[in-house]
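One structure below.
Chains as they are written, first to last, in the working numbering: chain A, 5 to 747; chain B, 1398 to 1571.
So, in structure tokens, the structure goes:
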């Protein structure tokens, strides 16, 4: 593996982490007390820091370090999460992402860019230091103004061997000042430790000894940090200090090697123990006494958090108070989660370069074509054992094709999630509060499609926030919830994927649209338009109802661009709206872009493909149906009125087709197609059967060609064109409307 | 890229011909062909390949100058009828009718199209000084299509302005 591909791995991984960080931050904005999320956030930032250092991107590492410092404090509850922290963290995250981009493209870092970075760094430092004082004072409050302890606590952070491989016990001992008055000799206890083990080192903490004037010879000012080697368990050690337990603060940290043992023990607990404190006691990592102390602190905090805020969890207090090392707590939490059966599904996965997959898909495409050739040959030769072989090969190729295509399919959830940020930032910038709800995130789409659909969705979301959703006052006045809501939804629908962007805003305004369209010369103002036709006007080029162009919904390149983007993906878009209830934009997209199952037909000696997923049925036109034929372009098929066109006539007489009386005397096949809930009939010369079509783009010259969405190569090397069924259906349906009006 | 390679190649050829005085003079290699009794030339650098006409599949509802599409080793390539563009009548297909595959750019993207020609002629070097301005009148085709004229032993050769002739954006407007 060369350096480049290793670096690429680093970049890919870091980008993943960045999007996770963003999601965590957005989640924490709503639930700032979610400790799991805080930990995950910290871990991801830490990973970026670690790996960027490893790969020699020192600037990224340094920057991330400041970020991490802040989060570390958040993680240890020294800082409460505020909006400011979230905003700055998001900025920092964006900045890391930019640094990654620059590093990956080997671009020069500009001075402005460095300045931006320094600004963010300073801000982060401010955030982490300013609040430091607050928490220190808060802590002293917690501990009833016991100043001695506060001092040592901050000392203790440095002295606690969190990252050191400590094979010994660590005892942190702080005697209260009045310990001598009870006739207790601290030294006796320390000496006692020597009986059952060995003191490896002992550090007296002398910071609390006052100057000579205030010094009271009868008071104890000393604390000790002791590294202790013993075979005793925690309770036995605690017992040594039993007599003095009320007159000192003692924290006993088990040795690292034993933590593994404890974690093991915790994980092996069979009974569902819900209270984590009890788990710790049962595992021997915590004594009952310490647990009681923690509960005491929690209760005290409960009193302080008057307005029903979430009280810190016992686990956090225990870590905060250095009773147990965090890794033990993590193990306990894990166990708790197992008990609650929220075990995340293990997705074993590997990273593959997209280029490799594309190459594979190209090869599979050629294979599909070659197989079609073989099949045709074998049917011509009329040789049954060859037929058999070719059939089984084509079945296998079909399998390979499906599997290969599924490699490209990825769930849309991640893309949907990326809009959380957009919604947050945009709604803030226009002073609205908008919640984003996501459904159908595990609907899978072709990767290319997902990439290309992002912009249209973005545009629709922006539109909803800018034009659709009212501000809180208006909403309350109308009896709606103060927070606006945008729903992103994805689901499968008759051979296509539907993606919806729905808002609960004011809906489209018929009058305004008509007025605007008239102004722009899009309509004459004489014809009475149906609602549907009015809504369709918003997709016309140059149409934008925003009075002023804000930076939210863009530069007036409006819905027409969205529509053409969707159509270039062989999809269609339509809109449903209801005044003051909301608007839904629905995009129907094909499942895949590269290979489709098609139905081969013959029209006027040329071969065409209809995507099989859109074929409902093929019928012979019987006398009965001919008799059932309604006026104009309608058939009644099993009681259902279906509009139809004769493809041969349609294709030979270019645009003037609405008034032609369709000639059906010589044809006897009709193929019923359906897309996005609409059906139509196509009259064709011949039905030639199922065919796997590798879609070949027609190229720029055919950009304006309607009705044909691509081409494919048949087994014998000839070319067939793929019908753009969605547009054909739309055309036939519109024709129906026209004729309905005329008659 | 291709262009610069071509330039150096041209120079080599020139050196081999020991026309040493002309080394510094820029020259260009052209692909020439016959169309209705006239010789036309395309820059060789944009011509990918030339072959005898193969099966063309017509595409419905496009202008007549788009003859159809072909299968070129698994890729679908559109074919333009040059006679229709030049003389406004369909090309008369003979045994020598060929297709030249050319590469043009449209919006910074390479587009590959095929053009139907009556017959292939040759590939030749033309020095810049040999290229004359096209006459304002008298040409059989739209003067906008013409970049210049060269007088060679075989007769006048019309150098085509491919930027104008094969303006894909314009051709795709229908």
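Don't be surprised by glycine CBs; every beta carbon is placed ideally from N, CA and C.
Every value quoted in this text rests on a predicted model; they were computed, and no experiment measured them.
Quick check on this structure: which residue in the options has the alpha carbon closest to the alpha carbon of residue i?
{"i": "residue 390 of chain A", "options": "A:399, A:379, A:400", "result": "A:379"}
{"i": "residue 230 of chain A", "options": "A:220, A:496, A:176, A:223", "result": "A:176"}
{"i": "residue 442 of chain A", "options": "A:224, A:453, A:415, A:436", "result": "A:415"}
{"i": "residue 1532 of chain B", "options": "B:1553, B:1502, B:1441", "result": "B:1553"}
{"i": "residue 1504 of chain B", "options": "A:732, A:240, A:258, A:705", "result": "A:705"}
{"i": "residue 201 of chain A", "options": "A:224, A:235, A:208", "result": "A:235"}
{"i": "residue 517 of chain A", "options": "A:533, A:508, A:502", "result": "A:533"}
{"i": "residue 648 of chain A", "options": "A:611, A:581, A:737, A:572", "result": "A:737"}
{"i": "residue 471 of chain A", "options": "A:203, A:406, A:490", "result": "A:490"}
{"i": "residue 198 of chain A", "options": "A:643, A:212, A:183, A:232", "result": "A:232"}
{"i": "residue 728 of chain A", "options": "A:195, A:206, A:573, A:474", "result": "A:573"}
{"i": "residue 1549 of chain B", "options": "B:1519, B:1446, B:1568, B:1422", "result": "B:1519"}
{"i": "residue 247 of chain A", "options": "A:624, A:194, A:612", "result": "A:194"}
{"i": "residue 718 of chain A", "options": "A:215, A:610, A:644, A:575", "result": "A:610"}
{"i": "residue 713 of chain A", "options": "A:731, A:720, A:721", "result": "A:731"}
{"i": "residue 584 of chain A", "options": "A:407, A:482, A:86", "result": "A:482"}
{"i": "residue 502 of chain A", "options": "A:486, A:446, A:591", "result": "A:591"}
If you reduce the DSSP assignment to three classes, tell me which class residue i lands in.
{"i": "residue 705 of chain A", "result": "helix"}
{"i": "residue 1524 of chain B", "result": "strand"}
{"i": "residue 17 of chain A", "result": "helix"}
{"i": "residue 656 of chain A", "result": "helix"}
{"i": "residue 391 of chain A", "result": "helix"}
{"i": "residue 3 of chain A", "result": "Given that chain A is displayed from residue 5 to residue 747, the structure contains no residue 3 of chain A and the question cannot be resolved."}
{"i": "residue 579 of chain A", "result": "strand"}
{"i": "residue 625 of chain A", "result": "coil"}
{"i": "residue 805 of chain A", "result": "An answer regarding residue 805 of chain A cannot be provided, because it is not within the stretch 5 to 747 covered by chain A."}
{"i": "residue 508 of chain A", "result": "coil"}
{"i": "residue 679 of chain A", "result": "strand"}
{"i": "residue 419 of chain A", "result": "helix"}
{"i": "residue 539 of chain A", "result": "helix"}
{"i": "residue 107 of chain A", "result": "helix"}
{"i": "residue 1569 of chain B", "result": "coil"}
{"i": "residue 37 of chain A", "result": "coil"}
{"i": "residue 126 of chain A", "result": "helix"}
{"i": "residue 695 of chain A", "result": "strand"}
{"i": "residue 1540 of chain B", "result": "helix"}
{"i": "residue 235 of chain A", "result": "coil"}
{"i": "residue 610 of chain A", "result": "strand"}
{"i": "residue 82 of chain A", "result": "coil"}
{"i": "residue 646 of chain A", "result": "strand"}
{"i": "residue 1564 of chain B", "result": "coil"}
Which residues mark the beginning and the end of the beta strand (DSSP E) in which residue i is found?
{"i": "residue 1552 of chain B", "result": "1552-1557"}
{"i": "residue 495 of chain A", "result": "488-497"}
{"i": "residue 1424 of chain B", "result": "1424-1432"}
{"i": "residue 439 of chain A", "result": "438-443"}
{"i": "residue 1 of chain A", "result": "The structure shown does not extend to residue 1 of chain A, since chain A spans only 5 to 747, so no value can be given for it."}
{"i": "residue 223 of chain A", "result": "Neither: residue 223 of chain A is in no beta strand (DSSP E) and is coded neither H nor E."}
{"i": "residue 589 of chain A", "result": "586-594"}
{"i": "residue 683 of chain A", "result": "682-688"}
{"i": "residue 1465 of chain B", "result": "1463-1469"}
{"i": "residue 1440 of chain B", "result": "1435-1440"}
{"i": "residue 1449 of chain B", "result": "1444-1449"}
Tell me the residue span of the alpha helix (DSSP H) that contains residue i.
{"i": "residue 462 of chain A", "result": "451-467"}
{"i": "residue 526 of chain A", "result": "From DSSP, residue 526 of chain A is part of no alpha helix (DSSP H); its letter is neither H nor E."}
{"i": "residue 478 of chain A", "result": "476-481"}
{"i": "residue 563 of chain A", "result": "563-572"}
{"i": "residue 63 of chain A", "result": "62-79"}
{"i": "residue 197 of chain A", "result": "190-200"}
Rounded to the nearest angstrom, how far is the Cβ of residue i from that of residue j, given a contact under 8 angstroms?
{"i": "residue 1529 of chain B", "j": "residue 1545 of chain B", "result": "6 angstroms"}
{"i": "residue 1448 of chain B", "j": "residue 1495 of chain B", "result": "6 angstroms"}
{"i": "residue 424 of chain A", "j": "residue 449 of chain A", "result": "The Cβ separation is near 19 angstroms, so there is no contact."}
{"i": "residue 430 of chain A", "j": "residue 466 of chain A", "result": "6 angstroms"}
{"i": "residue 618 of chain A", "j": "residue 677 of chain A", "result": "5 angstroms"}
{"i": "residue 700 of chain A", "j": "residue 1473 of chain B", "result": "4 angstroms"}
{"i": "residue 1424 of chain B", "j": "residue 1506 of chain B", "result": "29 angstroms between Cβ atoms; not a contact."}
Scan the region 1478-1520 of chain B and note each continuous beta strand (DSSP E) run of 3 residues or more that stays entirely inside, going in chain order. 1495-1503, 1506-1514
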